[in-house]
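Encoded as structure tokens, the structure appears first; notes follow it.
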Amino acid sequence: MTFKVYTKTGDKGQTSLIGGTRVPKHHIRIEAYGTVDELNSYIGLIRDQEIDEHSKSVLIEIQDRLFTIGSSLASDPEKSKMKIPDLKEEDILLLEKEMDEMDKSLPEMKSFVLPGGHTTVSYCHIARCVCRRAERLTIHLSEDSFVADLVIKYLNRLSDYLFVLSRKISQDLNAKEIPWKPRM
């Protein structure tokens, strides 16, 4: 039997969650895990750039965790009996450890910085913004349906990690960080 990518079951605007529940493709749950998928693609784009091997390795780990989050968000918490992977507190600790390590070599921030300076840095900022959107959508979903606390915590910490990574890559590439100078 050959596996086909297309199933035709979504042609009328509905899709199935893990557990079999059919929901409209605009459902907040679909928006949440679709945005996590978008974020994962941007993380892949960052990983495909000329960055250090350690950062690439961490980004692969993050992509794996984003698949874990996507699986969690794609499951109907009331009907799914399927075993899906779990996030662990260590996943959040890894992001914190990586940020602390990067921060050791970065200049102190005295103001907000304008996104940009190099294409790779800009990709980090885009991913950070998509991560924040995924976090907002996941929080919205959690108001009506179960979402594991670690999912929201991980997305929150990941957006911070992506910001610090953007600064590290700026430094690695000798790109200029432009401080935001509010007009008063």
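Residue numbering for the sequence shown follows the numbering used here, beginning at -8 and increasing consecutively.
We treat Cβ as the ideally placed atom computed from N, Cα and C, and that holds for glycine.
Please read all numbers here as calculations on a predicted model, not as lab measurements.
message = Am I right that arginine 148 and glutamate 87 are in contact with their C-beta atoms under 8 Å? What's the rounded C-beta distance?
response = 7 Å
Mind checking whether arginine 127 and leucine 153 have CB atoms under 7 Å apart?
no
Per the DSSP calculation, proline 173 is bridged to which residue(s)?
For proline 173, which the question treats as bridged, DSSP gives no partner whatsoever.
Which value, in whole angstroms, describes the spacing of the CA atoms of aspartate 151 and glycine 4? 35 Å
_Inside the region 40 to 116 only - alpha helix (DSSP H) runs reaching at least 4 residues_ = 44 to 64 and 80 to 94
**Study point:** Status (buried if at least 16 other CB within 10 Å, exposed otherwise) for leucine 105
**Key:** exposed
Taking all protein chains shown into account, decide if asparagine 31 is buried (16 or more other Cβ within 10 angstroms of its Cβ) or exposed.
buried
Practice task
Would you grab the beta carbon distance between leucine 57 and isoleucine 21 for me? Rounded to a whole angstrom, and I think it's under 8 Å.
Solution key: At roughly 16 Å, the Cβ-Cβ gap does not stay under 8 Å, so leucine 57 and isoleucine 21 are not in contact.
Inter-residue spacing [alpha-carbon to alpha-carbon] between aspartate 82 and leucine 146:
11 Å
Alpha carbons only, please: which of Thr129, Leu141, Ser157 and Arg123 is nearest the one belonging to leucine 50? Ser157
Could you have a look at phenylalanine 154 and say whether DSSP puts it in helix, strand or coil? helix
Contact set for valine 121: own chain, Cβ-Cβ below 8 Å, skip 5 residues either direction
Thr26, Glu29, Leu30 and Tyr33
message = With a threshold of 8 Å on Cβ separation, who are the neighbours of alanine 166 within its own chain once the five nearest residues in sequence on each side are excluded?
response = Gly108, His109, Val112 and Ile160
Next item on the list: Figure out for me which residue from Ala65, Lys(-5), Val(-4) and Met100 has the closest Cα to the Cα of glutamine 162.
Entry: Met100
Hey, how far is the Cα of arginine 124 from the Cα of valine 138? 16 Å
task = Mind checking which residues open and close the alpha helix (DSSP H) that includes threonine -7?
result = Counting along the chain, threonine -7 falls outside any alpha helix (DSSP H), and DSSP gives it neither H nor E.
| request: Would you decide whether serine 102 is buried or exposed? Buried here means 16 or more other CB atoms lie within 10 Å of its CB. | output: exposed
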